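Undergrad: Below is one structure. I have some questions about it.
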Amino acid sequence: MQSFKGALRAGLAVVAVLGVSALTALSASGSADAAPRGYCGSDSVYGLAVFGSAGTSCSTALEVANAYRAHGSSGSPATVRVGGIVWRCQEYQGDPNPFDRCVATAGPSRWVELTS
């Protein structure tokens, strides 16, 4: 029983470290980033994970992601308008997988990311 508890604690510690590393990598993936708000759900077109900056509500992040994906420009730069704000979206090369990022033209601290 003691060995199981030890293994469980070690496993949870690894998960915690990986989670912090993932959030650090997410916030370091572009310039002038705000801290990530966190996971908001998945887009309705491809089911990609949607994350938003601290200044972006999850409802807005999901609307931006869905508008970008509905635009049909996967991988190509695009502009979408959500809630009166213009967002510039494009694909970036991640490590190892690419991701899509939309940035509010009114301020780069508001962003939305779509990842697989």
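Numbered by mature numbering (1 follows the signal peptide of the UniProt record, and there is no 0), the letters in the sequence shown go through residues -34 to -1, 1 to 82 in order.
Think of the CB as a built atom: it goes at the ideal place given N, C-alpha and C, for glycine as much as any other residue.
Note that this is a predicted model, so its numbers are computed, not measured.
Which whole-angstrom value describes the C-beta separation of Gly18 and Val78, a residue pair presumed to lie in contact below a C-beta threshold of 8 angstroms?
TA: Indeed they touch by this definition, with Cβ atoms about 5 angstroms apart.
Undergrad: Using the DSSP secondary-structure output, state which residues sit across from Thr45 in a beta bridge.
TA: Partner(s): Arg54.
Undergrad: Which residues in the same chain as Ala70 place their Cβ atom closer than 6 angstroms to its Cβ, once the five residues preceding and following it in sequence are excluded?
TA: Contacts found: Ile51, Trp53, Arg76.
Undergrad: Span of the alpha helix (DSSP H) holding Ser25?
TA: Residues 24 to 36.
Undergrad: Out of Cys24, Gly49, Gln56, which has the shortest C-alpha to C-alpha gap to His37?
TA: Per the Cα distances, Gln56.
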